[in-house]
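**Student:**
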Amino acid sequence: MAKQTASTWSDATRAVHSGEPRHGLNVPVTTPVVRTSNFNFADTAELKRFAEGKSSAYLYTRYGNPTLAAAEAKLADLEHAEAALVTASGTAAISSALLAALESGDEVIATRQIYGGSFNFFRDTLPRFGIRTHFVETSLEGVDRLVNEKTRVLYVESPANPTLQLVDLKKAAGLAHKHKLISMVDSTFGSPVLQKPLDVGFDLVLHSATKYLAGHSDIVAGVVAGSRARVARVREMMICLGGSMDPDAGYLLIRGLKTLELRVHRQSSTALELARFLEHHPKIARVHYPGLASHPDHRLARRQMSGGFGGMLAFDVKGGLPGARRFCDRVRIFLLAASLGGVESLIVLPIYTSHHRMGTAELEAAGISPGMVRMSVGLEDAHDLIADVRQALS
Ligand SMILES: *Cc1c(COP(=O)(O)O)cnc(C)c1O
Numbered sequence: 567m568a569k570q571t572a573s574t575w576s577d578a579t580r581a582v583h584s585g586e587p588r589h590g591l592n593v594p595v596t597t598p599v600v601r602t603s604n605f606n607f608a609d610t611a612e613l614k615r616f617a618e619g620k621s622s623a624y625l626y627t628r629y630g631n632p633t634l635a636a637a638e639a640k641l642a643d644l645e646h647a648e649a650a651l652v653t654a655s656g657t658a659a660i661s662s663a664l665l666a667a668l669e670s671g672d673e674v675i676a677t678r679q680i681y682g683g684s685f686n687f688f689r690d691t692l693p694r695f696g697i698r699t700h701f702v703e704t705s706l707e708g709v710d711r712l713v714n715e716k717t718r719v720l721y722v723e724s725p726a727n728p729t730l731q732l733v734d735l736k737k738a739a740g741l742a743h744k745h746k747l748i749s750m751v752d753s754t755f756g757s758p759v760l761q762k763p764l765d766v767g768f769d770l771v772l773h774s775a776t777k778y779l780a781g782h783s784d785i786v787a788g789v790v791a792g793s794r795a796r797v798a799r800v801r802e803m804m805i806c807l808g809g810s811m812d813p814d815a816g817y818l819l820i821r822g823l824k825t826l827e828l829r830v831h832r833q834s835s836t837a838l839e840l841a842r843f844l845e846h847h848p849k850i851a852r853v854h855y856p857g858l859a860s861h862p863d864h865r866l867a868r869r870q871m872s873g874g875f876g877g878m879l880a881f882d883v884k885g886g887l888p889g890a891r892r893f894c895d896r897v898r899i900f901l902l903a904a905s906l907g908g909v910e911s912l913i914v915l916p917i918y919t920s921h922h923r924m925g926t927a928e929l930e931a932a933g934i935s936p937g938m939v940r941m942s943v944g945l946e947d948a949h950d951l952i953a954d955v956r957q958a959l960s
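As numbered in this note's numbering, residues 567 to 960 make up the sequence shown, in order.
1. I need the boundaries of the beta strand (DSSP E) containing arginine 832, first residue and last residue.
2. Would you give the residue range spanned by the alpha helix (DSSP H) that glutamate 802 belongs to?
3. Apart from the five residues on each side of it in sequence, which residues of its chain come closer than 6 Å, Cβ to Cβ, to arginine 615?
4. Would glycine 925 be called buried (16 or more neighbouring beta carbons within 10 Å of its own) or exposed?
5. For isoleucine 697, does the three-state DSSP call read helix, strand or coil?
6. Between which two residues does the beta strand (DSSP E) harbouring aspartate 895 extend?
7. Quick check: the Cα distance between isoleucine 913 and valine 897, rounded to an integer number of angstroms?
8. For threonine 717, which option in Glu707, Ile748, His846, Asp690 has the closest C-alpha, if you only look at C-alpha atoms?
9. Looking at asparagine 686 and arginine 940, is the spacing between their C-beta atoms short of 8 Å?
10. Helix, strand or coil for asparagine 686 per DSSP?
11. Can you check the region 646 to 687 for any alpha helix (DSSP H) of at least 4 residues that lies completely inside it and give the ranges in chain order?
12. Taking 7 Å as the cut-off, is the CB of phenylalanine 755 close to at least one heavy atom of ligand 1?
13. What separation, rounded to the nearest whole angstrom, lies between the Cα atoms of aspartate 954 and phenylalanine 688?
14. State the start and end residues of the unbroken alpha helix (DSSP H) segment that holds tyrosine 817.
15. State the Cα-Cα distance for the pair alanine 636 and threonine 597, rounded to the nearest angstrom.
16. Note down, in chain order, each residue of its chain lying with its Cβ closer than 7 Å to the Cβ of glutamate 946, except the 5 sequence neighbours on either side.
17. Is it true that the CB of valine 786 sits closer than 8 Å to the CB of alanine 654?
18. Closest to leucine 634 by CA distance: which of Leu665, Glu648, Ser810 is it?
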């Protein structure tokens, strides 16, 4: 039998093991939590070498920590990246990546269908530093016309929260390349199990690791992955802004990654069953799930996602907000809670949670209706979940 090398390992194997061989060594099977804020230096000569950038020693956990480095190595592997950076939240990953790339006077082109917090950052925060954002649809129509000498970044999210619209990632990366823009994608909903944006030419992939990557609703965390040089710049900005991950969260993230593939595949198949059930229910106006043939991006989803279409879906209840609220107040297994990607199935009304700071016109433009329910499918039995939805709609 051929000897397995790191490069021949499957993603599932990479998620369980870090790249380091441990055979023949009496070492822990799991990654130790290096719970310290700082590190001892052998002598001033080592300290001097560190200051000169010639030492790989650890100084201080905000700059780096062995537990976090182990998480970063696994995440880089999973995203087919040269390097990865873990952060205190997905928001810290997104803000650090953007602020590392932008300066006053620059412009961004971003899709309108993005996580509410990211939308707020573009709309409210960046303009205070002289950075303007032009919003486009997921079709990316008009990008060519909007690009000028100030444009620096193309930012997309796919599948989009909460409408599950897709961006053609290959097309987006191609457009960014053509105009020499830095391309960034929030791949939280897809996870590295279903799509690898760096493989189609993206510069940086971002995640709220709070969601699928960690997967158990017990930490808030973020990830940035890309080339060594780009991730180093984001790390510098993260160190400056202070959004570093705690080593305990790093441990839980590593632990979550070990079952990532199993979880996402199971959640995807249950989500497809639920989407099919909902699509034929008389009280449902519309189901948004890329795995359904009726979804406008279904063909694109088949092309750019593999192994499933994810554990997230959304649907519009007939009767608008009152109908949606009645449904949410009647479910027994689904929990009415924000966030997503954990083992428990959740439902939420985006207008009251992830997108509550968007105005009526902005919500409409993003395709979010008041009666839209967002569903994060967990690991419960599919039949139990369908029965719960059926009784809540009856
Ligand atoms: C939750 C979420 C974020 C924000 O991540 P935090 O970990 O909550 O900071 C960003 N993008 C998407 C798509 C999300 O779902």
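We treat Cβ as the ideally placed atom computed from N, Cα and C, and that holds for glycine.
Since this is a predicted model, take the numbers as computed values, not measurements.
**Tutor:** According to the structure shown:
1. In the sequence shown, counting from the first residue as 1, residue 832 sits at position 266. No beta strand (DSSP E) holds arginine 832; the alpha helix (DSSP H) holding it covers 826 to 845.
2. Taking the sequence shown and counting its residues from 1, one reaches residue 802 at position 236. Run containing glutamate 802: 794 to 807, per the alpha helix (DSSP H) assignment.
3. Position 49 of the sequence shown, counted from the first residue, corresponds to residue 615. Within the same chain, arginine 615 has close Cβ partners Ser621.
4. For the purposes of this step, residue 925 is taken as residue 359 along the sequence shown, with counting starting at 1. Counting Cβ neighbours within 10 Å, glycine 925 comes out exposed, since fewer than 16 surround it.
5. Translated into positions along the sequence shown, residue 697 becomes position 131. Isoleucine 697 falls in the coil class under three-state DSSP.
6. Along the sequence shown, read from residue 1 onward, the residue named residue 895 stands at position 329. Element bounds for aspartate 895: not the beta strand (DSSP E) but the alpha helix (DSSP H), 886 to 896.
7. Taking the first residue of the sequence shown as 1, we reach residue 913 at position 347. Taking the first residue of the sequence shown as 1, we reach residue 897 at position 331. Each residue's Cα considered, the two are about 9 Å apart.
8. Numbered from its first residue, the sequence shown carries residue 717 at position 151. Of the candidates Glu707, Ile748, His846, Asp690, the one whose C-alpha sits nearest the C-alpha of threonine 717 is Ile748.
9. Here residue 940 refers to the residue found at position 374 of the sequence shown. Here residue 686 refers to the residue found at position 120 of the sequence shown. It is not a contact, given that the beta carbons lie outside the stated cut-off.
10. Taking the sequence shown and counting its residues from 1, one reaches residue 686 at position 120. Three-state DSSP puts asparagine 686 in a helix.
11. 656 to 667, 682 to 686
12. On the sequence shown, residue 755 is found 189 positions in, with the first residue counted as 1. Yes.
13. As a first step, residue 954 is located in the sequence shown; it is residue number 388 there, counting from the start. As a first step, residue 688 is located in the sequence shown; it is residue number 122 there, counting from the start. Roughly 38 Å separates the two Cα atoms.
14. The count along the sequence shown starts at 1 and reaches residue 817 at position 251. Element bounds for tyrosine 817: 813 to 823.
15. The residue given as residue 636 occupies position 70 in the sequence shown. The residue given as residue 597 occupies position 31 in the sequence shown. Whole-angstrom Cα-Cα distance: 8 Å.
16. Taking the first residue of the sequence shown as 1, we reach residue 946 at position 380. Correct list, in chain order: Ile899, Ser911.
17. Numbered from 1 along the sequence shown, position 88 holds the residue referred to as residue 654. Numbered from 1 along the sequence shown, position 220 holds the residue referred to as residue 786. For alanine 654 and valine 786, yes; Cβs fall inside 8 Å.
18. Position 68 of the sequence shown, counting from 1, holds the residue named residue 634. Answer by Cα proximity: Ser810.
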